[in-house]
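J.: Numbering (the working numbering), first residue to last: 120 to 518. Idealized CB from N, CA, C, for every residue including glycine. Bear in mind the structure is a predicted one, so any value in this text is a computation, not a measurement. Please find one structure pasted underneath; my questions will follow.
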């Protein structure tokens, strides 16, 4: 036990430093992680067509930088930047000469004072691939090999920790716009807000309320202008040391607020959202997760994209240098204007994303990866569906 206030302060500072992330390239109390890699990728249907598929071989150099800098004992600045370039060897019309910026790229600043914690973030990405990736926003794009788009989201969030009660809120402004006029219909800005109040009922059980809303303005398709709001209860339950569950559900309102939507007879939607997930760590070598949800995203072909999701993934460390991560997701989508006129766009389709990633560490700095992904879109609209296999081999060096 510390024998004086000086000893107590020294212990607190040592504990804080010990808790900071460790980086391969130290810089003061912070540091950098830098990695570079090269992928070889084969895609059997680069244009996402129902028939007459065209395959290709891609060469993908990439680099990632992660940085963490403590500012005092409680504050910090973080940077996460991923850059890649896709070179098509057969369908050279898809080559743009521009590097891509990973959607996970972020510049952030974390501030803590007393019981309050604040986060300021700036996220920017530039992507060209039209396919859906796990956890990302879905764009109902098909019969195309490129979808060039910029996405920028800047926001602030805060948490007031009252020990058995935590109050959180956040606000973000987002701009999404396409590089080419063909996809101008996705161009929009959004004001996004969320808040929750979570109470600790037991050491292993938390419950509360959550709410979220958005105001969305489309530059070229005012029919899709809308505001959205939802409210419902949530639950976080540590069933055991190795099994953790989370769930929530509630009411959601979607209001189309343009004069064009009103003239077309598009009515507001009274709907719901729901989610439930379980993470299970069986042992240090095997863990898996199951997630079910129903949500409503912004639609681009129509005003709303309703989705029912079922996702499963596992991580299996067969032996120390080898890790296998299979995953599978099935989503039942309904893109429409709800109860709007039948003459407006309406598509129901099922989307399947399944795959396997194998990582093998080759010593301290090198890592080899083998990845396969299968995508299937089955649509009620003829020729709007597709199937695609994508396989890649990657070699990464971490400094």
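In chain order, which beta strand (DSSP E) runs of at least 3 residues are fully inside the stretch 410-481?
T.: 423-438, 441-455 and 466-481
J.: Would a C-beta distance cut-off of 8 Å place residue 277 and residue 236 closer than the cut-off?
T.: yes
J.: Within 8 Å, do at least three Cβ pairs link the stretch 418-425 to the stretch 446-460?
T.: yes
J.: In chain order, what residues of the same chain lie with their CB nearer than 6 Å to the CB of residue 198, ignoring the 5 residues before and after it?
T.: So the qualifying residues of the chain are 186 and 226.
J.: What are the partner residues of residue 230, as DSSP defines its beta bridges?
T.: 237.
J.: Can you check whether the CB of residue 184 is closer than 8 Å to the CB of residue 228?
T.: Taking 8 Å as the cut-off, the Cβ atoms of residue 228 and residue 184 do not count as close.
J.: Looking only at DSSP bridge pairs, what is residue 274 linked to?
T.: 240 and 291
J.: Taking contact to mean at least 3 C-beta pairs separated by less than 8 Å, is the stretch 505-515 in contact with the stretch 160-168?
T.: yes
J.: Sorted by chain position, which residues of the same chain lie with C-beta nearer than 6 Å to residue 531's C-beta, five sequence neighbours on each side aside?
T.: No statement about residue 531 is possible, as the shown extent of the chain runs from 120 to 518 and does not include it.
J.: With a threshold of 7 Å on Cβ separation, who are the neighbours of residue 480 within its own chain once the five nearest residues in sequence on each side are excluded?
T.: Cβ within range, chain order: 440 and 486.
J.: Do residue 387 and residue 370 have their C-beta atoms closer together than 8 Å?
T.: no
J.: Report yes if the CB atom of residue 175 is closer than 8 Å to the CB atom of residue 207, and no otherwise.
T.: Cβ atoms of residue 175 and residue 207: closer than 8 Å.
J.: Alpha helix (DSSP H) containing residue 378: first to last residue?
T.: 378-382
J.: In three-state terms, what does DSSP make of residue 163?
T.: coil
J.: Answer with buried or exposed for residue 425, where buried requires no fewer than 16 other C-beta atoms within 10 angstroms of its C-beta.
T.: Of the residues assessed, residue 425 falls on the buried side of the cut-off, its CB having 16 or more other CB atoms within 10 angstroms.
J.: Our contact map puts residue 224 next to residue 201 with C-beta atoms below 8 Å; I'd like the distance itself, whole angstroms only.
T.: 6 Å
J.: Out of 449, 428 and 341, which has the shortest C-alpha to C-alpha gap to residue 382?
T.: 341
J.: According to DSSP, what are the bridge partners of residue 149?
T.: DSSP lists 146 as the bridge partner or partners of residue 149.
J.: Less than 8 Å between the C-beta atoms of residue 356 and residue 323, yes or no?
T.: yes
J.: Which residue or residues does DSSP assign as beta-bridge partners of residue 406?
T.: 400 and 434
J.: Taking its Cβ as the centre, do 16 or more other Cβ atoms sit within 10 Å of residue 327, making it buried, or is it exposed?
T.: buried
J.: Roughly how many angstroms separate the alpha carbons of residue 502 and residue 260, rounded to a whole number?
T.: 12 Å
J.: Alpha carbon to alpha carbon, what distance is there between residue 302 and residue 100?
T.: Only positions 120 to 518 of the chain appear in the structure, and residue 100 is not among them; the question remains open.
J.: Less than 7 Å between C-beta atoms, sequence neighbours within five positions excluded: which residues of the same chain meet that for residue 329?
T.: 315, 351, 353 and 367
J.: Can you check whether the CB of residue 468 is closer than 8 Å to the CB of residue 428?
T.: No, these two residues do not count as a Cβ contact at 8 Å.
J.: Return helix, strand or coil for residue 255, following the three-state DSSP convention.
T.: Correct three-state label for residue 255: coil.
J.: Assuming residue 264 and residue 306 are in contact, meaning their beta carbons sit under 8 Å apart, how far apart are those beta carbons, in whole angstroms?
T.: Residue 264 to residue 306, Cβ: 21 Å. No contact.
J.: Could you check what DSSP says for residue 305 in three-state terms: helix, strand or coil?
T.: helix
J.: Please classify residue 194: does DSSP put it in a helix, a strand, or coil?
T.: strand
J.: Beta-carbon separation of residue 477 and residue 443 under 8 Å?
T.: It is a contact, given that the beta carbons lie within the stated cut-off.
J.: Would you decide whether residue 258 is buried or exposed? Buried here means 16 or more other CB atoms lie within 10 Å of its CB.
T.: Per the 10 Å Cβ criterion, buried.
J.: When we look at the beta-carbon of residue 170 and count the other beta-carbons within 10 Å, is it buried (16 or more) or exposed?
T.: exposed
J.: Quick test of your reading: residue 247 and residue 267, contact by CB under 8 Å. State the CB separation rounded to the nearest angstrom.
T.: 5 Å
J.: Distance, Cα to Cα, residue 423 vs residue 145?
T.: 47 Å
J.: What residues in its chain sit with their C-beta under 7 Å from that of residue 194, if we drop five residues either side in the sequence?
T.: 229, 230 and 231
J.: Which residues in the same chain have their Cβ closer than 6 Å to the Cβ of residue 409, if we skip the five residues on either side of it in sequence?
T.: These residues qualify, in order along the chain: 397 and 431.
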